[in-house]
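Peer 1: Pasting in a structure now, in structure tokens, and then I'll have a few things to ask.
Number of protein chains: 2
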Amino acid sequence: MKYSVVVVDDHFLLSQAIGGLVQDFKNFEVLYLCSNGSELLEKLKDSANIPDIVLMDIKMPILNGIETTEILKNKFPTIKVLALSIEEDEYTILKMLRAGAKGYLMKDTKKDILEEALMGLVQNGQYYTNTVSQILVDSLDKDVDTEIKPKEFEFIKLACTDMNYKEIAEAMYCSYKTVEGYRDSLYRKLGIRNRIGLVLFAIHHNLFTP
Amino acid sequence: MKYSVVVVDDHFLLSQAIGGLVQDFKNFEVLYLCSNGSELLEKLKDSANIPDIVLMDIKMPILNGIETTEILKNKFPTIKVLALSIEEDEYTILKMLRAGAKGYLMKDTKKDILEEALMGLVQNGQYYTNTVSQILVDSLDKDVDTEIKPKEFEFIKLACTDMNYKEIAEAMYCSYKTVEGYRDSLYRKLGIRNRIGLVLFAIHHNLFTP
DNA sequence: TTTAAAAAAGGGGGAATCCCCCAATTTTTA
DNA sequence: TAAAAATTGGGGGATTCCCCCTTTTTTAAA
Chain A
321 MKYSVVVVDD HFLLSQAIGG LVQDFKNFEV LYLCSNGSEL LEKLKDSANI
371 PDIVLMDIKM PILNGIETTE ILKNKFPTIK VLALSIEEDE YTILKMLRAG
421 AKGYLMKDTK KDILEEALMG LVQNGQYYTN TVSQILVDSL DKDVDTEIKP
471 KEFEFIKLAC TDMNYKEIAE AMYCSYKTVE GYRDSLYRKL GIRNRIGLVL
521 FAIHHNLFTP
Chain B
321 MKYSVVVVDD HFLLSQAIGG LVQDFKNFEV LYLCSNGSEL LEKLKDSANI
371 PDIVLMDIKM PILNGIETTE ILKNKFPTIK VLALSIEEDE YTILKMLRAG
421 AKGYLMKDTK KDILEEALMG LVQNGQYYTN TVSQILVDSL DKDVDTEIKP
471 KEFEFIKLAC TDMNYKEIAE AMYCSYKTVE GYRDSLYRKL GIRNRIGLVL
521 FAIHHNLFTP
């Protein structure tokens with residue numbers, strides 16, 4: 321009996337191709353492919369469509385990988401999610417693991433590693449590369465004072481547009497000075513010195529997708 | 321006799337997988353895979369390694385797809401390049417086509433289309449989707465006064481860091497006022513109003529990769 | 001439940017930077 | 001040699017940055 325695998329990725333070519341790779345593995349077979357999270361949830365309404373493993377991309381339209389994994393954790397706890405992302409980013413990996421992913425494969429993954437990871441998932445319930453383990457260790461002492469608050473998060477997204485602070489204040493229904501407060505607080509705790517730095521930070525940590 | 325195909329992409333999983341798809345096509349076979357442009361050029365030094373078609377990613381480390389295609393056009397004019405990119409972007413597509421690519425496939429491409437495109441390349445020497453044709457038509461009247469000059473291009477890349485204009489001027493070995501000139505000229509012809517807008521423009525048009 | 005501490009929101013003011021107009025000079029191109 | 005383009009510059013208003021501060025609200029602890 322082979323373990324069933326579902327690939328969720330909005331890049332048709334990639335999901336089709338990954339499906340092909342998985343189909344070659346002797347212990348695994350592809351159940352079906354989805355192009356985003358909500359399509360997967362739709363499929364899962366039929367209990368015949370519940371796979372052992374979901375290979376999940378993170379950046380997807382409509383319902384992204386983190387949100388989808390969160391939902392799966394609650395509604396289908398038997399399904400193991402393996403994150404499979406083009407971009408490697410500490411923040412994103414952490415968010416994905418917190419959401420319930422049992423492993424995370426980077427873009428430089430080779431075919432053998434994919435099979436090894438799938439076997440790790442069914443045998444040990446997880447598969448963590450050295451990189452991911454290191455990130456987990458690093459995150460222990462780091463995330464405490466670097467936590468970004470909801471209002472600051474909202475500010476960051478607006479700061480990543482060409483609006484000036486006066487306009488941002490109007491958009492956030494608060495005073496200009498409050499907006500400056502969010503900015504200064506972020507500059508201090510993120511160690512950046514101007515708005516370009518903030519935009520770059522936001523992009524690198526997937527707080528904002530251009 | 322099958323047509324030989326080389327896949328150039330820094331995403332191992334993707335290139336391996338695309339290679340698998342191509343291998344399934346009855347008229348095509350994979351010669352080898354490369355992870356960036358300079359690796360391809362190294363391979364091509366041996367004349368036994370010259371393929372009929374190169375499937376080329378655009379964003380790659382060391383030597384990107386546009387630069388690589390430009391070199392191929394001069395040194396190996398018999399090789400047909402099919403751009404195969406995750407991101408779809410007018411500017412990038414145009415640059416890739418100007419560099420000599422004979423076609424461009426978007427991320428939502430399905431397996432059949434890939435085969436169709438490969439056949440188009442060997443039979444007609446090109447394969448253009450409707451989207452690409454439309455972009456070509458649009459570009460005719462648009463690109464004239466929107467051309468970005470080399471110095472401006474250099475400025476853009478520095479403007480996408482947290483340096484201020486004084487520092488950028490030092491980095492470019494010119495006066496502060498010259499830098500302001502580049503900035504103002506770009507703002508005018510790109511229709512943007514501040515530096516964040518410039519950064520966003522640069523990202524959207526792949527002039528700068530965060 | 002009261003109290004103390006922490007966080008959020010708002011504010012003043014000054015220095016630095018950014019934006020945008022104009023003009024002069026030098027270099028390149030036709 | 002004249003025209004076009006690139007470079008440099010002045011000046012000034014707008015915006016951003018970065019300190020200082022007070023008031024209000026939320027949270028946590030005694």
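Respectively, the protein sequence lines represent chains A and B. Each residue of the first sequence is one higher than the one before, starting from 321 at the first, in this note's numbering. Each residue of the second sequence is one higher than the one before, starting from 321 at the first, in this note's numbering. The beta-carbon is built from N, C-alpha and C at its ideal position, and this holds for glycine as well.
(1) Count the other CB atoms, across all protein chains shown, that sit within 10 Å of the CB of B:Asp432; report buried if there are 16 or more and exposed otherwise.
(2) Report, in whole angstroms, the separation of the C-beta atoms of B:Ile476 and B:Leu527, which I expect to be a contact under 8 Å.
(3) Let me check understanding here. Comparing Cα to Cα, which of B:Gly340, B:Ile370, B:Val401, B:Ala419 lies closest to B:Tyr447?
(4) Would you mind working out which of B:Ala337, B:Glu467, B:Leu434 sits nearest B:Lys415, comparing C-alpha positions?
(5) With a Cβ-Cβ cutoff of 8 Å, do B:Leu404 and B:Asp372 count as a contact?
(6) CB-CB under 6 Å to A:Gly385, same chain, minus the five flanking residues each way: which ones, in chain order?
(7) Out of B:Gly440, B:Lys346, B:Phe345, B:Phe521, point me to the one whose CA is closest to B:Ala479's CA.
(8) Considering just the uninterrupted stretch of the alpha helix (DSSP H) at A:Ser324, what are its terminal residues?
(9) Have a look at B:Tyr485, B:Glu490, B:Lys365, B:Leu441 and flag the residue whose alpha-carbon is nearest the alpha-carbon of B:Asp504.
(10) Among B:Asn347, B:Leu506, B:Val328, B:Leu334, which residue has its Cα nearest to the Cα of B:Gly440?
(11) Less than 7 Å between C-beta atoms, sequence neighbours within five positions excluded: which residues of the same chain meet that for A:Thr389?
(12) Taking only beta-carbon positions, decide if B:Ala337 is within less than 8 Å of chain A.
(13) Does B:Asn394 pass the burial test, meaning 16 or more other C-beta atoms within 10 Å, or should it be called exposed?
(14) Leaving out five residues on either side along the sequence, give the residues of the same chain with a beta carbon under 8 Å from the beta carbon of B:Met483.
(15) Of all Cβ atoms in chain A, is any one closer than 8 Å to the Cβ of B:Val519?
(16) Quick one: Cα of B:Asp359 to Cα of B:Leu425, how far?
(17) Alpha carbon to alpha carbon, what distance is there between B:Thr481 and B:Lys497?
(18) Tell me the residue span of the alpha helix (DSSP H) that contains A:Phe475.
(19) Listed in chain order, which residues of the stretch 336–368 of chain A have Cβ atoms closer than 9 Å to some Cβ of chain B?
(20) If you measure from the beta carbon of B:His524 to each beta carbon in chain A, is any gap under 8 Å?
(21) In the DSSP assignment, find the unbroken beta strand (DSSP E) run with A:Gly423 in it and report its ends.
(22) Below 6 Å CB to CB, which residues in the same chain sit around B:Ser355 once its five sequence neighbours on both sides are set aside?
(23) Decide if B:Val464 is buried, meaning its Cβ has at least 16 other Cβ atoms within 10 Å, or exposed.
(24) Return the chain-ordered list of same chain residues with a C-beta closer than 8 Å to the C-beta of B:Glu349, the five sequence neighbours on each side being excluded.
(25) Is A:Lys497 helix, strand or coil when you go by DSSP?
(26) Quick one: what does DSSP say B:Lys462 is sitting in, helix, strand or coil?
(27) What residues from the stretch 482–506 of chain B come within 9 Å of chain A, judged by C-beta to C-beta, listed N to C?
(28) Using a Cβ cut-off of 8 Å, which residues of the stretch 429–446 of chain B contact any Cβ in chain A, in chain order?
(29) Compare the C-beta of B:Asp463 against all C-beta atoms of chain A and say whether one is closer than 8 Å.
Peer 2: From the atom records:
(1) exposed
(2) 6 Å
(3) B:Val401
(4) B:Glu467
(5) no
(6) Met376, Asp377, Ile378
(7) B:Phe521
(8) It is not in any alpha helix (DSSP H) - A:Ser324 instead sits in the beta strand (DSSP E) that spans 323–328.
(9) B:Tyr485
(10) B:Asn347
(11) Met376, Val401, Met416, Ala419, Gly420, Ala421
(12) yes
(13) exposed
(14) Ala491
(15) yes
(16) With the sequence shown as reference, residue 359 of chain B is identified as Glu, and Asp is not the correct amino acid for it. Those two C-alpha atoms are separated by around 22 Å.
(17) 19 Å
(18) 470–479
(19) Gln336, Ala337, Ile338, Gly339, Gly340, Leu341, Asp344, Ser355
(20) yes
(21) 423–425
(22) Asp330
(23) Because the pLDDT at B:Val464 is just 43, under 50, the model does not fix this residue reliably, and the point stays unresolved.
(24) Lys322, Tyr323, Ser324, Val325, Val342, Gln343
(25) helix
(26) Interpretation of B:Lys462 is limited by its pLDDT of 46, a score under 50 that renders its predicted location unreliable; the figure taken from the coordinates is listed afterwards. Three-state DSSP puts B:Lys462 in a helix.
(27) Asp482, Met483, Asn484
(28) Thr429, Lys430, Lys431, Leu434
(29) Its pLDDT being 46, under 50, B:Asp463 is placed unreliably in this model, and the value from its coordinates should be taken loosely. No, its Cβ sits nowhere closer than 8 Å to a Cβ of chain A.
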